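Notes to accompany the following structure.
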Amino acid sequence: MKSISLQLMQRKTIISVLIDLIAIGFIYYVPTISHLISLPLYLMEPMRLMLIIALVHSSKANAYLLALSLPIFSFVISGHPVFPKMLLITFELVFNVVLFYGLTKKIKYLFPSILLSIILSKVAYYIIKFGLIKLTILDSTLFSTPLYIQIVTALVFSSYVYIFYKKNKI
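Residue numbers (the working numbering): 1 to 170.
Structure follows, in structure tokens:
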């Protein structure tokens with residue numbers, strides 16, 4: 001029994017490490033890939049995509065780790081996003097994870113939990129971003145990514161979670 005439990009823990013650890021490496025590699029290469037294919041992949045929220053994959057295929061701790069580390073990693077290797085926005089994105093992703101796990105306890109269904117967690121974390125992001133712009137801490141437009149793209153990505157990410165767990169409730 002202990003060996004089966006140990007094998008499951010090792011498998012989960014391996015999956016988490018692979019997801020982390022893929023996420024870091026993907027974030028590292030997004031600018032290059034975007035340039036090569038002439039498609040702005042950053043509009044499709046690559047950090048949130050990696051976070052959603054971690055939420056579905058690895059552990060809660062790993063989801064938090066990626067939410068904290070991906071924006072920092074991107075800032076350190078490329079200087080983008082700028083420091084205040086990096087902090088803001090980190091907050092948004094961590095808040096997304098907090099909301100997701102909190103909402104799944106209350107709602108019990110994954111699709112509304114993930115969709116609401118994405119929407120509410122974006123609302124918090126834009127409220128704080130608005131304040132940072134008004135305080136001239138951040139030199140940016142409020143909506144860098146068109147809202148329709150954000151709606152589509154939120155629905156696609158939520159559908160992915162729903163499809164993966166379509167027969168389960170948390």
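Quick reminder that beta carbons are idealized off the backbone N, C-alpha and C, glycines included. Values in this document were obtained by computation on a predicted structure and should not be read as measured data.
Asked, Found
"Would I174 and Y148 qualify as a contact pair, given that the criterion is a beta-carbon distance under 8 angstroms?", "Past the boundaries of the shown model lies residue 174; the chain is included only from 1 to 170, so the question cannot be answered."
"With DSSP collapsed to three states, give me the class of G79.", "coil"
"Tell me whether the beta-carbon of R172 lies closer than 8 angstroms to the beta-carbon of F157.", "Since the first and last residues shown for the chain are 1 and 170, residue 172 lies out of range."
"Determine the closest residue to T171 out of Y126, L155, V152, with distance taken between C-alpha atoms.", "Residue 171 falls outside the range modelled here, since the chain spans only 1 to 170, and no answer is possible."
"By the 10 Å Cβ neighbour count, where 16 or more other Cβ atoms means buried, how is M9 classified, buried or exposed?", "exposed"
"Rank V97, S113, V98, S69 by C-alpha distance to the C-alpha of T104 and give the top, closest one.", "S113"
"Measure the C-alpha to C-alpha separation of L55 and I137 and round it to an integer number of angstroms.", "32 angstroms"
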